[in-house]
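Trainee: Protein chains in written order, with the working numbering: chain A, 8 to 256; chain B, 12 to 291.
The beta-carbon is built from N, C-alpha and C at its ideal position, and this holds for glycine as well.
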Amino acid sequence: MRAADGIAIETVDLHKDFRLPHEQRTTFKEHFLHPLKRTQYDANTALAGVSFTVGTGEFFGVIGPNGSGKSTLLKILARIYQPTSGHLRVSGALSPFIELGVGFNPDLNARDNVWINGTLLGLTRKQLRQRFDDIIEFAELERFVDLKLKNYSSGMQLRLAYSIAIQVPFDILLLDEVLAVGDLGFQQKCFATFERMRDEGKTLVFVSHDLEAVAQYCDRTLLLENGVARAIGPTDEVIDLYRVREMVQ
Amino acid sequence: MSAAVEQSERRSLSNSLAHQARVIRVLAAAEFKLKYRESVLGYLWSLLKPLALFSILYVVFGHFFKLRGGLENYPIYLLIGIVLWTFFLDATTTTMVSLVVKGPLLRKMYFPRLIVPVSTTAAAAMTFGINLLAVAAFIAWNRIVPQVDWLLIPLLLLELYLFAFGVAIILSTLYVRFRDMAPIWEVVAQVLFYATPIIYPLTLVPYHWVRVLQMLNPFGQVVEDVRALVLYDNPPGSILTATDVLGPGGRLYSIAIMLAFFVGGLLLFRHDEPSLAERV
């Protein structure tokens, strides 16, 4: 269901603070040894008021240095984290691809993992039966279907995860660093799926350090720095600004 | 400071319930499969473990110590206790660590987090189902004829499941905060094993107040009720139930305690749910 107003994602003043304990106290002993001492927390602000909208069918890039809050933002969009404050509205089904994957179980083989993750992302048994071969074929893992995931290379896991993420029913795809460990051949396949998503009117939120790819595919781009939206606008301008700021530092 | 998150999706309520049921089934099946991975006898272990425990306890307590307390059919009395206990222990210990074990999944996808404990307890219930077949075989072999009131047994097992689930989700949220819960629960479970009438009949407990505590424990109430139904209290007075110990309506107390664990567990879980992905 597309929102009538043509907005896929809208965020208003998103904040996210993580409480970082000075010392991790996860055992009773540590609490008993210092019963009077309250655990001290450092508030680490990952996002400090980020507002933007992504239109339906838009390809939206998110760039910024390491630790700028890109992954945290994506996890909030995917409802994995709850924002400390702010407003988030998502219209449509999401398919998340976060931290190089969809959360595989290393002790199960590809078949079982596809079954689990496909189900979690909304596929029925019938749909899974129909799409299973496509998922494996796209990931080029036909020979390794019965191999446990712990014996997969990171490239193989990435291909499988991406293959699942694009085969489930979605309106909005969240991609976090999908190009980081794949080889050239796989990157080409990713780009081919981008073209298809474009034709189908899907929305993409694309987090990447690959500025070439961002420039090529994203309509608009958000530059994050220290949890703040430094710039939002046409991709070329935002990338230019980012390059300048990187050089200055 | 307030946070609002809205998600509009195409799924209707019935669709989303069907979706969650599918997820629970798939996760429970995977859990069951993982438990016996790379073992030659596989699922057979879920049957062999309680039977081995039964054999040794029967020899030691039934034969050496003669703990029967006038029970006509001590072996079945003991087997029912062990099989029910094995389920309770299995459901609570596997669920306790489940949120942490499933951490990679929680950090990468959103789904109602309650699905995790529901699927691990469902996997324990599958094992329990297999073990119940062994109990049924034992009962048939002893030529005990099923009675109409055995239809109450599923209700009692449901009560046991809800109690185990309540305890399990409390343990699972506490385990995210303190890893010490694992050894603590190991010790507490060991104490409960002997504090509950599993090996010995309640008639052998010399103090009334101890019996009262044992029947307030929902596990104790359920196990005695199941035994009283299956063995139809033969000879009379050999199996004491909550009604015998707490008076008429005594069951209501232990059911209330079960509900307190169940609802309290849900509230605690709901409270911690939003931040689970950050903490596991």
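For A238(A), does the three-state DSSP call read helix, strand or coil?
Mentor: The residue you call residue 238(A) lines up with position 231 of the first sequence. Strand at A238(A).
Trainee: With a Cβ-Cβ cutoff of 8 Å, do P103(A) and A117(A) count as a contact?
Mentor: The residue given as residue 103(A) occupies position 96 in the first sequence. The residue given as residue 117(A) occupies position 110 in the first sequence. No.
Trainee: Kindly say whether F25(A), judged by its beta-carbon, lies nearer than 8 Å to any beta-carbon of chain B.
Mentor: Here residue 25(A) refers to the residue found at position 18 of the first sequence. Yes, F25(A) lies at the interface with chain B (some Cβ there is under 8 Å from its Cβ).
Trainee: Leaving out the 5 sequence neighbours to the left and right, which residues in its chain are closer than 6 Å to A10(A) when beta-carbon positions are compared?
Mentor: As a first step, residue 10(A) must be located in the first sequence, where it is residue number 3. For A10(A), the predicted model reports a pLDDT of 46, less than 50, meaning its position is unreliable; a value from the coordinates is still stated below. These residues qualify, in order along the chain: S98.
Trainee: Could you spell out where the alpha helix (DSSP H) holding D236(B) opens and where it closes?
Mentor: For this step, residue 236(B) is matched to residue 225 along the second sequence. It spans 229-241 - the alpha helix (DSSP H) in which D236(B) sits, taken as one unbroken run.
Trainee: For R96(A) and E170(B), which I take to be in contact (beta-carbon distance under 8 Å), what is that distance rounded to the nearest angstrom?
Mentor: Your numbering for residue 96(A) matches position 89 in the first sequence. Your numbering for residue 170(B) matches position 159 in the second sequence. Actually they do not touch by this definition, with Cβ atoms about 42 Å apart.
Trainee: I want to see whether chain A comes within less than 8 Å of H30(B), judged by CB atoms only; does it?
Mentor: Residue numbering aside, residue 30(B) sits at position 19 when the second sequence is read from its first letter. Yes, its Cβ sits closer than 8 Å to a Cβ of chain A.
Trainee: Count the C-beta pairs between the segment 210-220 of chain A and the segment 65-82 of chain A that are closer than 8 Å, then say yes if the count reaches three, no if not.
Mentor: Judged by Cβ distances under 8 Å, the segment 210-220 of chain A makes contact with the segment 65-82 of chain A, as three or more pairs qualify.
Trainee: Counting only Cβ-Cβ distances shorter than 9 Å, please list the residues of the segment 128-149 of chain B near chain A, keeping chain order.
Mentor: If the cut-off is 9 Å between Cβ atoms, the segment 128-149 of chain B has nothing near chain A.
Trainee: Assign P208(B) to one of three DSSP states: helix, strand, or coil.
Mentor: Within the second sequence, numbered from 1, the residue matching residue 208(B) stands at position 197. P208(B) falls in the coil class under three-state DSSP.
Trainee: So, helix, strand or coil for A10(A), using DSSP?
Mentor: Along the first sequence, one-based indexing puts residue 10(A) at 3. At A10(A), the pLDDT of 46 sits below 50, so the modelled position is not reliable and the matter cannot be decided from this model.
Trainee: List the residues of chain A that R48(B) touches, going by C-beta distances under 7 Å, in chain order.
Mentor: Position 37 of the second sequence holds residue 48(B). In chain order: D114.
Trainee: Does the beta carbon of L45(B) sit closer than 8 Å to a beta carbon anywhere in chain A?
Mentor: Residue mapping note: residue 45(B) aligns to position 34 of the second sequence, counting from 1. It does; some Cβ of chain A falls within 8 Å.
Trainee: Using a beta-carbon distance below 8 Å, is A15(B) in contact with chain A?
Mentor: Taking the first residue of the second sequence as 1, we reach residue 15(B) at position 4. Closer than 8 Å: yes.
Trainee: Write down every uninterrupted run of the beta strand (DSSP E) in the segment 71-118 of chain B whose length is 3 residues or greater and which is fully enclosed by it, in chain order.
Mentor: You should have found no qualifying run.
Trainee: So D283(B) and V187(B) are supposed to be a Cβ contact under 8 Å. How far apart are they, rounded?
Mentor: Your numbering for residue 283(B) matches position 272 in the second sequence. Your numbering for residue 187(B) matches position 176 in the second sequence. 7 Å between Cβ atoms; contact.
Trainee: Can you round the beta-carbon distance between T91(A) and S58(A) to whole angstroms, since I take them to be within the 8 Å contact cut?
Mentor: The sequence position of residue 91(A) within the first sequence is 84, counting from 1. The sequence position of residue 58(A) within the first sequence is 51, counting from 1. Wrong, their Cβ atoms sit about 15 Å apart, outside the cutoff.
Trainee: Put L21(A) into one of helix, strand or coil per three-state DSSP.
Mentor: As a first step, residue 21(A) must be located in the first sequence, where it is residue number 14. Strand.
Trainee: Could you tell me whether the Cβ atoms of G125(A) and M120(B) are closer together than 8 Å?
Mentor: As a first step, residue 125(A) is located in the first sequence; it is residue number 118 there, counting from the start. As a first step, residue 120(B) is located in the second sequence; it is residue number 109 there, counting from the start. It is not a contact, given that the beta carbons lie outside the stated cut-off.
Trainee: Check whether chain B comes within 8 Å of Q89(A), counting only Cβ atoms and requiring the distance to be less than that.
Mentor: Counting from one through the first sequence, the residue named residue 89(A) turns up at place 82. Yes - at least one Cβ of chain B is within 8 Å of the one on Q89(A).
Trainee: Beta strand (DSSP E) containing D183(A): first to last residue?
Mentor: Here the question's residue 183(A) lines up with position 176 in the first sequence. Its beta strand (DSSP E) spans residues 179-183.
Trainee: Let me confirm a value: Y205(B) is counted as buried when at least 16 other C-beta atoms fall within 10 Å, else exposed. Which label applies?
Mentor: Here residue 205(B) is taken as the residue at index 194 of the second sequence, counted from 1. Exposed, since its Cβ has fewer than 16 Cβ neighbours within 10 Å.
Trainee: Quick one: measure Cβ to Cβ for T183(B) and P229(B), integer angstroms, because I've assumed they're closer than 8 Å.
Mentor: To locate residue 183(B), count along the second sequence from 1; it is residue 172. To locate residue 229(B), count along the second sequence from 1; it is residue 218. In the sequence on display, residue 183(B) carries Ser and not Thr. That belief does not hold up - the Cβ atoms of S183(B) and P229(B) are roughly 19 Å apart, past 8 Å.
Trainee: Suppose you measure from the CA of G218(B) to the CA of F149(B); what does that come to, to the nearest Å?
Mentor: Counting from 1 along the second sequence, the entry for residue 218(B) is found at position 207. Counting from 1 along the second sequence, the entry for residue 149(B) is found at position 138. It should be noted that the sequence gives Tyr, not Gly, for residue 218(B). For Y218(B) and F149(B), the distance between alpha carbons rounds to 32 Å.
Trainee: With a threshold of 8 Å between beta-carbons, can L165(A) be considered close to chain B, or not?
Mentor: Stepping through the first sequence from its first residue, residue 165(A) is reached at position 158. It does not; no Cβ of chain B falls within 8 Å.
Trainee: Does any CB atom of chain A fall closer than 8 Å to the CB of A288(B)?
Mentor: Translated into the one-based positions of the second sequence, residue 288(B) becomes position 277. So, interface residue.
Trainee: Considering only the alpha carbon of each residue, which of F213(A), E232(A), G108(A) lies closest to L180(A)?
Mentor: Position 173 of the first sequence holds residue 180(A). Among F213(A), E232(A), G108(A), the Cα nearest to that of L180(A) is on F213(A).
Trainee: Which partner residues does L229(A) have in the DSSP bridge list?
Mentor: What you label residue 229(A) is simply residue 222 of the first sequence in a count that begins at 1. V69(A), I239(A).
Trainee: Counting only beta-carbon separations shorter than 8 Å, does L186(A) have a partner in chain B?
Mentor: In the first sequence, residue 186(A) corresponds to position 179, counting from 1. Closer than 8 Å: no.
Trainee: Of all the alpha helix (DSSP H) runs that stay within the bounds of the segment 149-202 of chain B, which reach a length of 4 or more residues?
Mentor: You should have 164-188.
Trainee: For Q164(A) and L156(A), what's the separation of their Cα atoms in angstroms?
Mentor: Indexing the first sequence from 1 puts residue 164(A) at position 157. Indexing the first sequence from 1 puts residue 156(A) at position 149. Rounded to the nearest angstrom, the two C-alpha atoms are 7 Å apart.
Trainee: List, in order along the chain, the chain A residues whose C-beta lies closer than 8 Å to that of R33(B)?
Mentor: Residue 33(B) sits at position 22 when you count from the first residue of the second sequence. Those within 8 Å of R33(B) in chain A are T126, T131, R132.
Trainee: Closest to Q31(B) by C-alpha separation, out of D20(A), T210(A), L130(A), I173(A), would be which residue?
Mentor: Mapped onto the second sequence, residue 31(B) falls at position 20. Selected option, being the one with the closest Cα: L130(A).
Trainee: Taking R118(A) as the query, report the chain B residues whose CB atoms sit under 8 Å from its CB, ordered along the chain.
Mentor: Stepping through the first sequence from its first residue, residue 118(A) is reached at position 111. None at all; the shortest Cβ gap to chain B is about 11 Å.
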